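Trainee: This is the structure I have questions about; it appears just below.
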Amino acid sequence: MLTNWVYIGVFLIVAVVVPLVAVLIPVFIAPKKPSTRKEEIYECGIETKGNIRIQFKSQYYIYALIFLIFDIETIFLFPWAVALGNLPLFAVIEGVIFIVILFAGLVYAMRKGVLAWS
Amino acid sequence: MADLINLIENWIKNILLGWGVTESLAVFILQVLGSVLVVIVCFVIVIALIWVERKLAGRIQDRFGPNRAGPYGIFQSFADIIKIFTKEYITPVGAEKGLFNIAPVLAMFSVLAIWAVFPFAINVVGGDIHVGVLYIVAIGAFGILAILMAGWSSNNRYALLSASRSVAMLISYEIPMIISLLVPVLLAHSMKLSVIVEAQMPWNIFVAPLAALIFGISSMAEVGKAPFDLLEAESELVAGYHTEYSGMKFGMFYVAEFLHQFTVGALMAIFFLGGWTGPLAVRWPILGVFYFYGKTFFIYLVISWIRLSLPRIRIDEMLNLNWRFLIPISFINLIAVAIADRVMLEFNLARWIYVVVMFLINILILVAALTIAEKNEKAVERVEFSPRPIAVPPGKESK
Amino acid sequence: MAIPINWFLVLAAGLFCIGLYGVLSRRNAIGILMGIELMLNAVNINLITFWRYINPVKLTGQVFAIFVFTVAAAEVAVGLALVIAIYRNRDTVIVEEIDLLKE
Amino acid sequence: MVPVLIFGLSSVVTLGAALAVVTNKNILHSAFYLILAFVGVASIYVLLEAPFIAVVQVLVYIGAIAILIVFAIMLTRRLLSKDLIQRNAQWGLSALGATGLFLVLGWIVYSVNWPVKLLTVPEDPISVLGQELLSTYVVPFEIASVLLLAALVGAILIGRERE
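Top line first, the protein sequences correspond to chains A, B, C and D.
Residue 121, in my numbering, is where the first sequence stops; the numbers in between run on with no holes.
Residue 416, in my numbering, is where the second sequence stops; the numbers in between run on with no holes.
Residue 91, in my numbering, is where the third sequence stops; the numbers in between run on with no holes.
Residue 167, in my numbering, is where the fourth sequence stops; the numbers in between run on with no holes.
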């Protein structure tokens, strides 16, 4: 089993190194003529004014929140799905109850209107 | 001769052992060679895909596409590569340099790393781990992170706006994607990709068409190309979270996007189209590799076709599609498939009855969901704006 | 096993203490939450270490680790929602300035 | 030899990143170091032959919790200014306390004789995990979903913007 993980470790390192090399090549062969005008922030031709870090919509936060909860749900469901063949018939119902309880949360969020884009 | 891949593997291994290398080190070197090979093949495929995609886009939009560099413009991608390697890097003023430079590498990494676990043929599997499916889902997290880093560190209002929009959208669409991936796991009773591929009798797309549909739509949204490309809607957000990137750093985002679409094709092939399986693939594993890449390429073309035909959808439509349609329907599908699978396992039915029942259940859910959705759909309110005042030169206003 | 159990336990202890320092020394409520996350990670390392070295046949340790993940997620979700609500009302997330009950 | 090397590397990364999390002046950089620490912990799990937990660590902590934290920092962005002091007056005392606790814990770890049994991990750990989860731990399994539901409802109720 560990040889598989050694392979994955090697692969992850290769997957970092190859893009890194690709990004580093132009450092040596590309021209470098920096100027203030060039390094300005692009904003459709006008100069950038005021605070760059604009106010962030709290709507996005709600999406991330619901995603977190459903992410956790899936880590319970994956072992359930794998083990289903070796479990008694009742285990399906247990899993379904689990899903339905969390589904209520989604319905609640819908009812409260936090999912609608405003 | 039957097994070409093993033959080459053993040949290299014997050479290494002949040099006095220990067994474990030889295996390690083989692993390094294998992973480098897979990564290089990915890059080469992307170079080819960029040409194919541009040619296809040209034909669909009644243009020629690239046709200058070489016959049919096949050297266009190479010309682009030379250009992009010699372009100057511009770092915008006020950017956070560390994060700004890590982000493109991370974006590429998040797509490449998925290829570590793919089964290419019957005995050609990279990392055949017990948690393969979850690994694929988990690696996607780094892509989201890369977008967030790029958007934040660019010090550009539009980049940040686009990054936060993209991330909100990507994580929303990840929920139906994960739930629909649970269906093949459930049918194979394993998270090992090799087992999922071998358990498909017939292909999962016939057993679980609804899950395939949901996975297809949500992973198209994950790729972030049209019709789901509103994160880089040129008319609204300049060019998306990579507005401030230039040269190869931009190139990494670009290549990652193409490779991601190809990877989605590979995932579709593995989970729903039987991966490497096909006639004679067990006897000649090299054929399995061809089947795998062929199916992947087919799905890639289908996705390209869809995205070149559809207009971009609005962000509210997009979020409604996800939260009000895809997520509920994927949960209902999961519950139905789980119950049907377990009950039919209990009665030990013939395989063909199992498949037919599963197929009918899937179609039934889809039809019911579409009917309900149509009934609940509010009539689109047409907003009529009063005519805007026309600009007149100062001093000549009416009244 | 090539690595003695003590090494993992010391690593977990180190991570726990760093997290504890973060919780005690940060003024920013989000910083405190990050410290708590580090401490929960240390707990999980301990759970998995004991599972691997003492009873790997039954997967009790992994089950407990999953429940720790669940609790951590619930804690972060509610904790950050509270932080954002406070920020919206009081315009600060510095814990020393959140002294509503003192007034 | 190789496991020792991997252990050394990942523990250095984990502890270094964790130190950066608690000491960095910029809270957003702290969040990114937190992600690095999570990656280190995930590799420790792989070393302990618990790949499921490792993958879940990446999925939940990096894919969801870290992004939630970064979003929260962006929402409260006024506090990102450089001149804001991020540590309170009692930081010296807490550093002392944390070091003391670490020494005590280290002493305990090395003085206890742990009943180590060298057994192998089950062949298909995920299936066994699922069976345990749905037989022995079925009540916690269901309660977990109630807990998540409560967290979801509570967080939405607190966090949403009121008109």
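Beta carbons: idealized from backbone N, C-alpha and C, even for Gly.
All values reported here derive from a predicted model rather than from experimental measurement.
Strictly under 8 Å for the Cβ-Cβ distance: is A/Leu71 near chain C by that measure?
Mentor: As a position in the first sequence, residue 71 of chain A is number 68, starting the count at 1. Judged by the 8 Å Cβ criterion, A/Leu71 is in contact with chain C.
Trainee: Could you tell me which uninterrupted beta strand (DSSP E) segments, each at least 3 residues in length, are contained entirely in the region 335 to 365 of chain B, listed from first to last along the chain?
Mentor: Those beta strand (DSSP E) runs which fall completely within the region 335 to 365 of chain B and span 3+ residues do not exist here.
Trainee: Under 7 Å Cβ-Cβ, which residues of chain D neighbour A/Val85?
Mentor: As a first step, residue 85 of chain A must be located in the first sequence, where it is residue number 82. Per Cβ cutoff of 7 Å: Ile130, Ser131 and Gly134.
Trainee: Let me know if B/Tyr89 comes out buried or exposed under the rule of 16 or more other beta-carbons within 10 Å of its beta-carbon.
Mentor: Position 72 of the second sequence, counting from 1, holds the residue named residue 89 of chain B. It is exposed - the Cβ of B/Tyr89 has fewer than 16 other Cβ atoms within 10 Å.
Trainee: If you pair each beta-carbon of the region 42 to 49 of chain B with each one of the region 60 to 80 of chain B, do three or more pairs fall below 8 Å?
Mentor: Too few Cβ pairs lie closer than 8 Å, so no.
Trainee: So which of B/Trp369, B/Phe245 and B/Glu261 has the shortest CA-CA distance to B/Met335?
Mentor: Here residue 335 of chain B refers to the residue found at position 318 when the second sequence is read from its first residue. Of the candidates B/Trp369, B/Phe245 and B/Glu261, the one whose C-alpha sits nearest the C-alpha of B/Met335 is B/Phe245.
Trainee: Let's test the definition: count the other Cβ atoms within 10 Å of the Cβ of B/Met18 and tell me whether it reaches 16, buried, or not, exposed.
Mentor: Numbered from 1 along the second sequence, position 1 holds the residue referred to as residue 18 of chain B. Low per-residue confidence applies at B/Met18: pLDDT is 45, beneath 50, and the placement is therefore not dependable, though the value from the model is reported in the following sentence. Exposed, because fewer than 16 other Cβ atoms sit within 10 Å of the Cβ of B/Met18.
Trainee: Looking at chain D, which residues of the region 122 to 155 of chain B have a Cβ within less than 8 Å of any of its Cβ atoms?
Mentor: The residues in question are Ile146, His147, Val148, Leu151, Tyr152, Val154 and Ala155.
Trainee: Given a limit of 9 Å on CB to CB distance, which residues of the region 22 to 38 of chain A reach chain B?
Mentor: Per Cβ criterion, the list reads Pro22, Leu23, Ala25, Val26, Leu27, Ile28, Pro29, Val30, Ile32, Ala33, Pro34, Lys35, Lys36 and Pro37.
Trainee: In this structure, how does DSSP classify B/Val142 when only helix, strand and coil are distinguished?
Mentor: As a first step, residue 142 of chain B must be located in the second sequence, where it is residue number 125. Residue state, collapsed to three classes: strand.
Trainee: Compute the Euclidean distance between the alpha carbons of D/Leu109 and C/Ala1, then round it to the nearest angstrom.
Mentor: In the fourth sequence, residue 109 of chain D corresponds to position 105, counting from 1. In the third sequence, residue 1 of chain C corresponds to position 13, counting from 1. Rounded to the nearest angstrom, the two C-alpha atoms are 6 Å apart.
Trainee: How many Å lie between B/Val142 and A/Val20 at the Cα?
Mentor: As a first step, residue 142 of chain B must be located in the second sequence, where it is residue number 125. As a first step, residue 20 of chain A must be located in the first sequence, where it is residue number 17. Near 22 Å, if we compare the C-alpha coordinates of A/Val20 and B/Val142.
Trainee: With 8 Å set as the bound, which would you pick, yes or no: does the beta-carbon of D/Asn30 sit closer than that to a beta-carbon of chain G?
Mentor: Of the chains in the structure shown, none is chain G; the protein chains are A, B, C and D.
Trainee: Determine which residues share a DSSP beta bridge with C/Arg14 and list them.
Mentor: Residue numbering aside, residue 14 of chain C sits at position 26 when the third sequence is read from its first letter. Per DSSP, D/Arg91.
Trainee: List the endpoints of the continuous alpha helix (DSSP H) containing D/Gln135.
Mentor: Walking along the fourth sequence from the start, residue 135 of chain D turns up at place 131. That run of the alpha helix (DSSP H) goes Pro129 to Ser139.
Trainee: Compute the beta-carbon to beta-carbon distance between B/Leu116 and D/Phe36, rounded to the nearest angstrom, for a pair I have assumed lies under 8 Å.
Mentor: In the second sequence, the residue the question calls residue 116 of chain B occupies position 99. In the fourth sequence, the residue the question calls residue 36 of chain D occupies position 32. Between D/Phe36 and B/Leu116 the Cβ distance is about 7 Å, and since that is below 8 Å, they are a contact.
Trainee: For B/Ser236 and B/Leu284, which I take to be in contact (beta-carbon distance under 8 Å), what is that distance rounded to the nearest angstrom?
Mentor: As a first step, residue 236 of chain B must be located in the second sequence, where it is residue number 219. As a first step, residue 284 of chain B must be located in the second sequence, where it is residue number 267. About 7 Å; that satisfies the 8 Å criterion.
Trainee: Measuring straight from C-alpha to C-alpha, what distance separates D/Val116 and C/Thr37?
Mentor: In the fourth sequence, the residue the question calls residue 116 of chain D occupies position 112. In the third sequence, the residue the question calls residue 37 of chain C occupies position 49. The alpha-carbon atoms of D/Val116 and C/Thr37 are separated by roughly 15 Å.
Trainee: Confirm, please, whether the CB-CB distance from A/Leu87 to B/Leu203 is below 8 Å.
Mentor: The count along the second sequence starts at 1 and reaches residue 203 of chain B at position 186. The count along the first sequence starts at 1 and reaches residue 87 of chain A at position 84. Yes.
Trainee: Nearest to C/Asn29 by CA position, among C/Leu12, C/Leu68, C/Val81 and C/Leu8, is which residue?
Mentor: Here residue 29 of chain C corresponds to residue number 41 of the third sequence, with the count starting at 1. Checked all of C/Leu12, C/Leu68, C/Val81 and C/Leu8; the closest Cα to C/Asn29 is C/Leu8.
Trainee: So the alpha helix (DSSP H) B/Lys114 belongs to, where does it begin and stop?
Mentor: Mapped onto the second sequence, residue 114 of chain B falls at position 97. Unbroken alpha helix (DSSP H) run through B/Lys114: Lys114 to Leu129.
Trainee: So, helix, strand or coil for B/Pro136, using DSSP?
Mentor: The sequence position of residue 136 of chain B within the second sequence is 119, counting from 1. In the structure shown, B/Pro136 sits in a strand (DSSP, three-state: E or B).
Trainee: Ignoring anything shorter than 4 residues, give me the alpha helix (DSSP H) runs that lie fully in the region 90 to 119 of chain A, in order along the chain.
Mentor: Whole alpha helix (DSSP H) segments, 4+ residues: 93 to 115.
Trainee: Assuming A/Phe70 is part of the alpha helix (DSSP H), what are its boundary residues?
Mentor: Residue 70 of chain A sits at position 67 when you count from the first residue of the first sequence. Taken as a continuous stretch (DSSP letters only), the alpha helix (DSSP H) holding A/Phe70 covers Ser61 to Ala86.
Trainee: Between the region 196 to 210 of chain B and chain D, which residues of the former have a C-beta closer than 7 Å to a C-beta of the latter?
Mentor: So the close ones are Met208.
Trainee: With which residues is C/Ile82 paired in a DSSP beta bridge?
Mentor: Working through the third sequence from its first residue, we reach residue 82 of chain C at position 94. Its beta-bridge partners are C/Asn16.
Trainee: Should D/Glu146 be flagged as near chain C, meaning a C-beta pair shorter than 8 Å?
Mentor: Here residue 146 of chain D corresponds to residue number 142 of the fourth sequence, with the count starting at 1. No, no contact with chain C.
Trainee: So is A/Tyr64 in contact with chain C if we call contact Cβ pairs under 8 Å?
Mentor: For the purposes of this step, residue 64 of chain A is identified with residue 61 of the first sequence, where counting begins at 1. Yes, its Cβ sits closer than 8 Å to a Cβ of chain C.
Trainee: Along the region 182 to 194 of chain B, what residues have a CB closer than 9 Å to any CB found in chain A?
Mentor: So the list reads Arg182, Val184, Ala185, Met186, Ile188, Ser189, Glu191 and Ile192, given in the order they occur along the chain.
Trainee: Beta carbon of C/Gly10, beta carbon of D/Val26: below 8 Å?
Mentor: What you label residue 10 of chain C is simply residue 22 of the third sequence in a count that begins at 1. What you label residue 26 of chain D is simply residue 22 of the fourth sequence in a count that begins at 1. Result yes, Cβ atoms of C/Gly10 and D/Val26 sit closer than 8 Å.
Trainee: For the 8 Å Cβ check, are there 3 or more pairs between the region 186 to 194 of chain B and the region 333 to 348 of chain B?
Mentor: A contact exists between the region 186 to 194 of chain B and the region 333 to 348 of chain B.
Trainee: Does chain A have any CB closer than 8 Å to the CB of D/Ser15?
Mentor: Numbered from its first residue, the fourth sequence carries residue 15 of chain D at position 11. Not closer than 8 Å to any Cβ of chain A, the Cβ of D/Ser15 fails to qualify, so no.
Trainee: Please classify B/Ala216: does DSSP put it in a helix, a strand, or coil?
Mentor: In the second sequence, the residue the question calls residue 216 of chain B occupies position 199. In the structure shown, B/Ala216 sits in coil (DSSP, three-state: anything other than H, G, I, E or B).
Trainee: Is it true that the CB of A/Val24 sits closer than 8 Å to the CB of B/Met269?
Mentor: For the purposes of this step, residue 269 of chain B is taken as the residue at position 252 of the second sequence. For the purposes of this step, residue 24 of chain A is taken as the residue at position 21 of the first sequence. Contact flag unset, no.
Trainee: Could you check what DSSP says for B/Asp79 in three-state terms: helix, strand or coil?
Mentor: By one-based count along the second sequence, residue 79 of chain B stands at place 62. Three-state DSSP puts B/Asp79 in coil, outside helix and strand.
Trainee: Please list, in chain order, the chain A residues whose beta carbon lies closer than 7 Å to that of B/Met218.
Mentor: Within the second sequence, numbered from 1, the residue matching residue 218 of chain B stands at position 201. Simply none; closest approach about 15 Å.
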